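K.L.:
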Amino acid sequence: MINVYVKDIYNSLKNRSYFSALALALALPDMCGAAEYPEETSVTRRYIDWFDKYLGEYLKTEEPVTDLNGELLYNLRNQFLHSGSTNIDVSKVKNENNVLDKFTLVLGDGTEIWSASSCIQSSLVTYRIMLIDVTYLCKTICEYALWYYNNNRERFDFKIPVITQDKFANPDPRIYESNVFVDVLNDKLKKLGSDWRIKDEPDKNMAKTMTEGIREIFADNNLKRRYLEGEKITMYRDESNGKLHPLPENVEYTPSEYLPDNKTQPKPVKISKKEAQVRLFFGQNFKEDKYRQHKEQIIQAVLQSKSKLQVNNRLMKVFSSEETSIVYKRLAPLIKDMPGKI
């Protein structure tokens, strides 16, 4: 789906709709960062880390010039998308080397020019400025986001609940590959903890059923009159012949489409008492981002090991010797009953 967004960005640049292009381009690292770091809960961390990892080296120049980096782009993203400003909020820049005295976004004539950063230094003061051409910025982000998407498609799980108008205008509308109305209703049922699911009928979608219902109501003068007077008419489908009929008043009807479907019932996830204890311990003692990024590896190092040495060896595969020592010491109360010692 990234390719669809990139196409929209290029169309916007072609039509000189620079701010539309910029808004969508600034959102691309959000999508890619979520795919690259699925267990990272900090949107800020995901955005900055992805940008620096995949574009940092490409944009890097000689010091002391400040290059465009993840922190500055995330700052611009927040300023532009949240308040419409195209400036950098220096008060929120944490890295002193990234502080700019002047930031300027250059709008051109649809062509791409090279962007520039410069630094004026003296014994008394340092003055940093950055000029970024919006076409260059958008195309650079698009190029790397599209490359990342094409090489990591399995990491993306896009759910796009949109349909085009022609799907309804067509005499025999088809709502993509499945009925999006049914998908939405089933998602709500799942979140509510219900085991009930609505079954989709491949040859009948919601729009077609509604059209059939209105047609049947208007074919009967009595039903038509009641409907036009504001009365709610409930239709049900006779499963013996597939035809729609009005539901008599004071009668409750539950069609077979609403019966529980064993195939779609969510299976409860059970974890052992030991695993629950380890996960609780991790949450209480490892709150830094650098450890939370390796949450499962640390937890599994404890769960899959039968001795303290094995725990240490598994940690060594993830961390440096120094970092392993720190993690191991924190785990000490949890693994104190394991045989062996380090």
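Numbering (the numbering used here), first residue to last: 2 to 343.
By construction, the Cβ of each residue, glycine as well, lies at the ideal position given by its N, Cα and C atoms.
All values reported here derive from a predicted model rather than from experimental measurement.
Put Leu101 into one of helix, strand or coil per three-state DSSP.
P.N.:
coil
K.L.:
So, using beta-carbon positions, are Phe104 and Ile133 closer together than 9 Å?
P.N.:
yes
K.L.:
Expressed to the nearest angstrom, what Euclidean distance is found between the alpha-carbon atoms of Lys276 and Tyr228?
P.N.:
As written in the sequence, residue 276 is Glu, which differs from the Lys given in the question. Cα to Cα, Glu276 sits roughly 59 Å from Tyr228.
K.L.:
Measuring straight from C-alpha to C-alpha, what distance separates Glu37 and Val44?
P.N.:
12 Å
K.L.:
Let me know the secondary structure DSSP gives Val107 once reduced to three states.
P.N.:
strand
K.L.:
Going by C-alpha to C-alpha distance, which of Glu297, Ile336, Val5 sits closest to Ser306?
P.N.:
Measuring from the Cα of Ser306, the nearest candidate turns out to be Ile336.
K.L.:
For the candidate residues Leu25, Lys191, Lys15, Ser13, whose alpha-carbon lies nearest to that of Met2?
P.N.:
Leu25
K.L.:
Flag this pair as yes or no: are the beta carbons of Lys309 and Pro334 separated by less than 9 Å?
P.N.:
no
K.L.:
Check whether the segment 143-157 touches the segment 83-92, counting contact only when three or more Cβ pairs, one atom from each stretch, lie closer than 8 Å.
P.N.:
No contact exists between the segment 143-157 and the segment 83-92.
K.L.:
So what's Met32 in DSSP terms, helix, strand or just coil?
P.N.:
helix
K.L.:
Can you grab the Cα-Cα spacing for the pair Thr87 / Leu106, in whole Å?
P.N.:
7 Å
K.L.:
On the three-state DSSP scale, how would you describe Pro39?
P.N.:
coil
K.L.:
Given that a residue counts as buried once 16 or more other Cβ atoms are within 10 Å of its Cβ, and exposed if not, what is Val185?
P.N.:
By the 10 Å Cβ count, Val185 comes out exposed.
K.L.:
Is the Cβ-Cβ distance between Arg293 and Glu41 less than 9 Å?
P.N.:
yes
K.L.:
To the nearest angstrom, how far is it from the Cα of Val66 to the Cα of Leu138?
P.N.:
Reliability fails at Val66, whose pLDDT of 49 lies under 50, so the model's placement of it is uncertain and the value that follows must be treated cautiously. Val66 and Leu138: Cα-Cα distance of roughly 18 Å.
K.L.:
Hey, how far is the Cα of Glu232 from the Cα of His246?
P.N.:
Glu232 and His246 have their C-alpha atoms spaced approximately 16 Å apart.
K.L.:
Hey, Arg280 and Ile300 are a contact pair by Cβ (cut 8 Å); roughly how many whole angstroms apart?
P.N.:
6 Å
K.L.:
Quick check on the DSSP output: the beta strand (DSSP E) that includes His246 runs from which residue to which?
P.N.:
245-247
K.L.:
Let's see if you can read the secondary structure: which residues bound the alpha helix (DSSP H) around Glu144?
P.N.:
135-152
K.L.:
Between Pro30, Ser92, Lys140, which has its C-alpha nearest Phe52's C-alpha?
P.N.:
Pro30
K.L.:
Who does Met236 pair with in a DSSP beta bridge?
P.N.:
Pro247
K.L.:
In angstroms with no decimal places, state the Cα-to-Cα distance between Val5 and Glu323.
P.N.:
45 Å
K.L.:
Leaving out the 5 sequence neighbours to the left and right, which residues in its chain are closer than 7 Å to Tyr46 when beta-carbon positions are compared?
P.N.:
Here the sequence assigns Arg to residue 46, which means Tyr is not the residue at that position. Closer than 7 Å at Cβ, skipping near neighbours: Asp290.
K.L.:
Grab me the residues of Asn222's own chain with a C-beta within less than 6 Å of its C-beta, minus the 5 sequence neighbours each way, in chain order.
P.N.:
none
K.L.:
Classify Val303 as buried or exposed, calling it buried when 16 or more other Cβ atoms lie within 10 Å of its own Cβ.
P.N.:
Counting the other CB atoms within 10 Å of its CB gives Val303 a total of 16 or more, which places it among the buried residues.
K.L.:
Output needed for Phe157: all residues of its chain with C-beta closer than 8 Å, excluding positions within five of it in sequence on either side, in chain order.
P.N.:
Met2, Ile3, Met32, Ala36, Tyr150
K.L.:
If distances are taken between C-alpha atoms only, which option among Lys318, Asp102, Tyr19 comes closest to Val135?
P.N.:
Tyr19
K.L.:
Compare the beta carbon distance of Gly57 and Asn70 with 9 Å and say whether it is the shorter of the two.
P.N.:
yes
K.L.:
If you count every other CB in all the chains shown that lies within 10 Å of the CB of Thr325, and 16 or more means buried, which is it?
P.N.:
Answer is buried; the Cβ neighbour count reaches 16.
K.L.:
Within 10 Å of its beta-carbon, does Ile327 have 16 or more other beta-carbons around it, so buried, or fewer, so exposed?
P.N.:
exposed
K.L.:
Between the C-alpha atoms of Asp173 and Lys8, what's the straight-line distance to the nearest angstrom?
P.N.:
Any reading at Asp173 must be qualified, since the residue scores a pLDDT of 45, below 50, and its modelled position is unreliable; no value is offered.
K.L.:
Give me, in chain order, the residues of the same chain whose beta-carbon lies closer than 7 Å to that of Phe282; leave out the 5 immediate sequence neighbours on both sides.
P.N.:
Leu335
K.L.:
Where does the unbroken alpha helix (DSSP H) through Val91 begin, and where does it stop?
P.N.:
First-last for Val91: undefined, no H or E at that position.
K.L.:
Kindly indicate the opening and closing residues of the alpha helix (DSSP H) around Pro334.
P.N.:
For Pro334, the enclosing alpha helix (DSSP H) covers residues 322-336.
K.L.:
So, helix, strand or coil for Leu56, using DSSP?
P.N.:
coil
K.L.:
Taking the straight line between their C-alpha atoms, what separation do you get for Asp196 and Ser273?
P.N.:
24 Å
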